[in-house]
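What follows is one structure encoded as structure tokens, with my remarks underneath.
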Amino acid sequence: MGDTTAWLMLAAGADRARASNDGYDDDPSSHYSWDSTVPNHAGPDKGHVIVLWDKKYLLGASVIEEVEPGRASKDMHSCPQCGKARIEFRTTLLPRIKCYSCGHEFDQPSTRTEIVDTFRTRHGAGWVDLAGRLTGAQLRELCVSPKSQLSLRPLDYDRFRAAIDEVPTPTTLAPLEAAVRYVESGHREAYVRVRRGQGPFRSALLAKYGDECAFTGRMPVDALEAAHLYSYAATGTHHDDGGLLMRRDVHRLFDLGFLAVHPDTFHIDVHPDLSSYEEYTRLHDKPLRPRLTAAQREWLRKHWEQMRPTSPGAA
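Have a look at this one:
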């Protein structure tokens, strides 16, 4: 995507939470937190791509919708001998803390409280789960500075995208890239992030369509999920005629754009990456099962434009 700015961010865990501070409250699929003590703290911004990992494997990627600023007090720990913050809490050795600046080992650090600027992303709408698709070693090589040890480090997005394209398991960044376009254009309306609907929304769809997946036909009710055809994550609203029932795997593939509906024929379009899976290729060019309302056709058209932006029929 041209000059896309991207960041590799270390998600919370033992490596991030137990060093010179008491850690951060992260949920990789929806938000990420850091503060002004972190190098590159002022870099990530709205519209930037973020790629999260746990040092061993890739977790997922998204686009920043907002960075929410704040102020907070923070306990900062350091070595009582040299005063440096390069300390590591150990789980199996005693003393339980080691300073990697002077080598001193101890059980109680020196602690001071500072007021820091805080930052928290909101990035749930474009989230793509990529768990395990790339290793930590592969991700390091895709950084602008491969030898960097920082928690927030610039990532070469074009090379990252190319690496994802080469993963044997079918994977797509289409939801993320659709979200980038809409964040950059200022629209809130239509990132497509299909959510597993429950409660009244699912009940209404079951009452209307019975035990039928819109793509594959009759299914046990327990295998059917209520799929929003628009971004529930972006709007938080259940729209009338804004959903269809889908089998669980179909729902996920629709979410990622591997399955879509052509806006001229309203027949199923199966992405070429699924060509080796007969279960899905036999759906190609088949009509959807339910009779679609005008609103559903419009939501499906928007999904097509986002997931197939270079295909015939896309705006």
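Every letter in the sequence shown is one number past the one before it in UniProt numbering, and letter 53, counting from 1, is 53. All residues carry an ideal CB built from backbone N, CA and C; glycine is no exception.
- In this structure, the straight-line span from the alpha carbon of residue 69 to that of residue 126 is close to 21 Å.
- Residue 159 sits away from residue 173, with the two beta carbons spaced by 8 Å or more.
- The alpha-carbon of residue 255 is positioned some 18 Å away from that of residue 311.
- As far as DSSP is concerned, residue 273 takes part in no beta bridge.
- Taking C-beta atoms as the reference points, residue 270 and residue 180 fail to come closer than 8 Å.
- A direct Cα-Cα distance of roughly 21 Å separates residue 263 from residue 217.
- In this structure the stretch 94-104 touches the stretch 79-86; the number of beta carbon pairs closer than 8 Å is three or more.
- Rounded to the nearest whole angstrom, the CA to CA distance from residue 261 to residue 111 is 58 Å.
- Distance from the Cα of residue 107 is smallest, within the candidate group 93, 118, 167 and 120, for 93.
- Excluding five sequence positions before and after residue 56, the CB atoms of its chain that fall closer than 6 Å to its own CB belong to 136, given in chain order.
- When beta bridges are read from the DSSP output, residue 9 appears opposite 52 and 152.
- Around the Cβ of residue 175, a 10 Å sphere holds 16 or more other Cβ atoms; the residue is buried.
- Between residue 151 and residue 38, the C-beta spacing is below 8 Å.
- The DSSP-derived three-state label of residue 76 is strand.
- For residue 244, same chain residues with a beta-carbon under 6 Å away, outside a window of 5 residues either side, are 214 and 227 in chain order.
- In the DSSP assignment, residue 217 is bridged to 213.
- Counting other Cβ atoms within 10 Å of its Cβ, residue 296 reaches 16 or more and is therefore classed as buried.
- No residue range can be given for residue 293, since it is assigned to no alpha helix (DSSP H) and is classified by DSSP as neither H nor E.
- Around the beta carbon of residue 291, fewer than 16 other beta carbons lie within 10 angstroms, which makes this residue exposed.
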